[in-house]
Each structure stands twice: as C-alpha cells, then as structure tokens.
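Here the structure is laid out as structure tokens; the discussion comes afterwards.
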Amino acid sequence: MAVDDHAIESLRNWFDLEYEELKKEWTSNKYEKFSHCPSFKSATAYREAMNVLIKACYSSEYLESRRVRTLKQMIDEELELETFWKERNGK
Numbered sequence: 145m146a147v148d149d150h151a152i153e154s155l156r157n158w159f160d161l162e163y164e165e166l167k168k169e170w171t172s173n174k175y176e177k178f179s180h181c182p183s184f185k186s187a188t189a190y191r192e193a194m195n196v197l198i199k200a201c202y203s204s205e206y207l208e209s210r211r212v213r214t215l216k217q218m219i220d221e222e223l224e225l226e227t228f229w230k231e232r233n234g235k
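For what it's worth, this note's numbering labels the leading residue of the sequence shown as 145, then goes sequentially.
Right, here's the structure in full:
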C-alpha cells in the first residue's frame with residue numbers, strides 16, 4: 145500500500161464517521177436543505193480531500209471506480225436500499 149493509499153484510508157475513516165452523522169441528521173427531517181445539516185461541511189471536506197488524493201494517485205482508467213460520489217447520491221442510494229429491504233421483509 146502506497147503512502148497515498150494510507151492517507152486516503154485514514155481520511156476514509158473520518159469521512160465514514162461524518163457521513164453516518166450526516167445521514168442521521170438528514171433523515172431526522174429537521175433540516176430543510178441537505179447543506180443545512182451540521183455535518184455537511186466536514187463530510188464534504190473529507191470527501192473532497194479523498195478525491196484530490198485519488199485523482200493524484202490513480203491513472204484515469206481507475207479514477208472513476210475509486211472516486212467518492214456526492215454525499216447526496218450516497219445517502220439517497222443507501223436510503224433507497226434500506227426502504228427496499230424493509231418492504232421486502234415486511235417491516
């Protein structure tokens with residue numbers, strides 16, 4: 145694992161914590177806009193930092209598979225999957 149990979153993984157750990165907090169805030173329905181959630185800025189900063197390192201470390205052929213999608217895309221997809229499985233399991 146290259147030094148850059150270690151940096152990316154370290155950032156990912158912090159990103160994951162902020163992402164989970166952001167997801168809780170957004171699903172609480174307390175915030176009118178996604179960007180109004182308190183964890184939005186820090187989660188975005190970690191995401192952007194990871195993407196800068198990923199862009200610097202990987203060739204263009206691997207870049208898209210490694211890049212971190214937008215926070216909104218990630219949360220929407222995760223919530224859609226959770227809803228699917230809840231409905232499928234009758235809960």
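Idealized CB from N, CA, C, for every residue including glycine. Here the structure is a predicted model, which is why all the values come from computation and not from measurement.
Close-in-space but distant-in-sequence residues of the same chain around residue i (CB under 7 Å, 5 per side omitted)
i	result
Lys230	none
Own chain partners of residue i with C-beta closer than 6 Å, once the 5 adjacent residues on each side are dropped
i	result
Lys167	Ile219
Ile152	Met194 and Leu197
Asp148	Leu197 and Cys201
Burial state of residue i, where buried means 16 or more other Cβ atoms lie within 10 Å
i	result
Val196	exposed
Glu162	buried
Ala187	buried
Leu225	exposed
Leu215	buried
Residue interval of the alpha helix (DSSP H) (run including residue i)
i	result
Arg191	Phe184 to Cys201
Given residue i as reference, the closest of the options once Cα atoms are compared
i	options	result
Trp158	Ala189, Cys181 and Pro182	Ala189
Arg191	Glu221, Leu155 and Phe228	Leu155
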